[in-house]
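Residue numbers for the sequence shown follow the working numbering, beginning at 1328 and rising by one. Structure record follows, encoded as structure tokens.
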Amino acid sequence: MVKKFSYLIIVLLLVSQVLGLSGCLLYLPLLPSPDTSPPITFPPSNTSEFLDPSWSVPTTNSNSQPLPDIASVVREVRPSVVSVTTEITVRDIFQREYTQSGAGSGVIIDDDGFIITNNHVVSGAEKVHVELADGRIIQADLVGADALTDLAVLKIEAPELSHATLGDSSQLSVGDWSVAIGNALGEGISATQGIISRLNVSLTIKGNSLSDLIQTTAAINPGNSGGPLLNMAGDVMGITSIKLSSIEVESVGYAISINSAEPVITSLIQQGYVSRPWLGVALFTVDSYVVAEYSLTVNEGVFIGEVIANSPADIAGLKEGDVITNFNDTVIKNNEDLFQAINGCEIGQQVKIVFARNEETDKVVWVELAESPPPWD
């Protein structure tokens, strides 16, 4: 009996193992059945029709123009470009004085040592030094500066000066090659290249309108201001001045055209300032605050805060508190409108001014514009 029971146990164990193995096999992945479909075939192509046993690599066009020789331009003009360093005394929050330095560029334009730069490079500076290409550092004197055009002229006394040649910016075309040389980032003179991308550009920067600007893709960085923008003949076509800077803006720099700069430079060297038509008033734009403060009867125009004695405005009868609304048939909404209108006139020209005084909003006066006095008067 025991022996039969032992056989029964052995049989049951064998059956359970077979079933266990069968259960494991249920989890094995099934192999895919072989693909018995016919293979895809493509129609034969006749490639012989594209063959050309006589073909060879095309030769270079002997009539093509060579790329501009930028290295030669830089080599020629580099000795006339200077680094400009300025010093000004400022105070910290504890009223302690310290010296603050600034960096810019300039270009020597004659053997006498006259240097063109930007007004914003030297504005407010107590000391100005320039470093020449040969390493000489020389103190510079300010000959004159003009904030409206952002131009200034320095002068140094030194022997053996190299100078650049001023060109004719009216000959520029969009697409022309250009080279900018200057003291980029205050780290020494370097050169960048690009093309002329736009001409006769006008921009308003911090309330000051600049016109006849040259837009270039040549990289303009802080420290480049006052340096030359050159054509491929090495002629100065502009004085680099402005760069638009933001995340979405790239390679947009501006230079003051040399044709616009020349009369300003000449005036600064000859008399130390630029003569312009002059009205002789201190102005500020009418806004809601001005309207409420002075109980004005007009909402737009320029408010006369001061009339200079014996000026054209004074002689014509304009008074403090008047609001100019029209100048020579041009509507005046703000200071910039009036500045541009006056600068578009000639010295000695008679102009019609419409203004408001108290309850009268359409008073008219004729004014003869005079020559602007020197800034030191």
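Here a beta-carbon is modelled for each residue, glycine too, at the ideal position from N, C-alpha and C.
Report task. Would you identify the three-state DSSP class for Gln1667, choosing helix, strand or coil? Result -> helix
Query - Residue from Gly1644, Gln1676 and Gly1628 whose Cα sits closest to the Cα of Thr1657 - result: Gly1628
Requested in this report: Quick one: grab the DSSP three-state call for Val1411.
Outcome: strand
Query raised in the report: Within 10 angstroms of its Cβ, does Ser1587 collect 16 or more other Cβ (buried), or is it exposed?
Result: buried
Requested in this report: Please report how far the alpha carbon of Asp1649 lies from the alpha carbon of Phe1682, in whole angstroms.
Outcome: 6 Å
Report task. Could you name the residues of the same chain whose beta carbon sits closer than 7 Å to that of Ser1708, not counting the 5 residues immediately before and after it, in chain order? Result -> Residue 1708 lies beyond the residue range present for the chain, which begins at 1328 and ends at 1704; the question has no answer from this structure.
Query raised in the report: Got a sec, what are the start and stop residues for the beta strand (DSSP E) Thr1612 sits in?
Result: Val1608 to Thr1612
Report task. To the nearest angstrom, report how far apart Val1617 and Cys1672 are at their CA atoms. Result -> 28 Å
Query raised in the report: DSSP on Tyr1354, reduced to helix/strand/coil?
Result: Because the pLDDT at Tyr1354 is just 39, under 50, the model does not fix this residue reliably, and the point stays unresolved.
Query raised in the report: Considering Glu1647, what are the terminal residues of the alpha helix (DSSP H) in which it resides?
Result: Here Glu1647 belongs to no alpha helix (DSSP H), and DSSP marks it neither H nor E.
Requested in this report: Put Glu1620 into one of helix, strand or coil per three-state DSSP.
Outcome: helix
Query - Opening and closing residue of the alpha helix (DSSP H) in which Pro1590 lies - result: Ile1585 to Gln1598
Requested in this report: Kindly indicate which residue of Ile1635, Ile1516 and Val1579 has the alpha-carbon position closest to the one of Ala1460.
Outcome: Ile1516
Query raised in the report: Taking just the CA atoms, how far does Gly1429 sit from Val1455?
Result: 9 Å
Query raised in the report: Do Ala1545 and Gln1520 have their C-beta atoms within less than 8 Å of each other?
Result: yes
Requested in this report: List the whole-angstrom C-beta distance separating Asn1510 from Ala1472, where the pair is believed to meet the contact cut-off of C-beta under 8 Å.
Outcome: Between Ala1472 and Asn1510 the Cβ distance is about 19 Å, and since that is not below 8 Å, they are no contact.
Report task. Determine the contact status of Ile1523 and Ser1505, defining contact as a CB-CB distance below 8 Å. Result -> yes
**Report entry** Val1501 classed as buried or exposed, judged by whether at least 16 other C-beta atoms fall within 10 angstroms
**Finding:** exposed
Query - Beta-carbon proximity list for Gly1644, same chain, < 7 Å, skipping 5 on both sides - result: Val1692
Query - DSSP-derived helix/strand/coil call for Val1629 - result: strand
Requested in this report: Since I believe Ile1508 is in contact with Ile1483 (beta carbons under 8 Å), could you give me their beta-carbon distance rounded to a whole number of angstroms?
Outcome: Actually they are not in contact, since the Cβ atoms of Ile1483 and Ile1508 sit about 18 Å apart, beyond 8 Å.
Query raised in the report: Can you list, in chain order, the stretches of the alpha helix (DSSP H) that have 4 or more residues and sit fully within the segment 1439-1468?
Result: 1446-1449
Report task. Pull up the DSSP beta-bridge partners for Arg1418, would you. Result -> Glu1424
Query raised in the report: Looking at C-beta atoms only, is the number of pairs between the segment 1683-1702 and the segment 1601-1610 that lie closer than 8 Å three or more?
Result: yes
Query raised in the report: Just reading off the beta strand (DSSP E) that Val1401 is part of, what are its end residues?
Result: Looking at the DSSP string, Val1401 is not in any beta strand (DSSP E); the run it does join, the alpha helix (DSSP H), is Ile1397 to Val1404.
**Report entry** Beta-carbon gap between Ser1432 and Gly1553 smaller than 8 Å
**Finding:** yes
Requested in this report: Take the Cβ of Ala1619 as the centre, count every other Cβ of all protein chains shown within 10 Å, and call the residue buried at 16 or more, exposed below.
Outcome: exposed
Query raised in the report: So is Tyr1581 buried or exposed if we call it buried at 16+ other beta carbons inside 10 Å?
Result: buried
Requested in this report: Return the Cβ separation of Glu1633 and Val1608 in integer angstroms, given the expectation that the two are a contact with Cβ distance under 8 Å.
Outcome: 7 Å
Report task. Quick one: residues in its chain with C-beta nearer than 6 Å to the C-beta of Ala1668, no 5 flanking neighbours on either side, listed in chain order? Result -> Phe1654 and Thr1657
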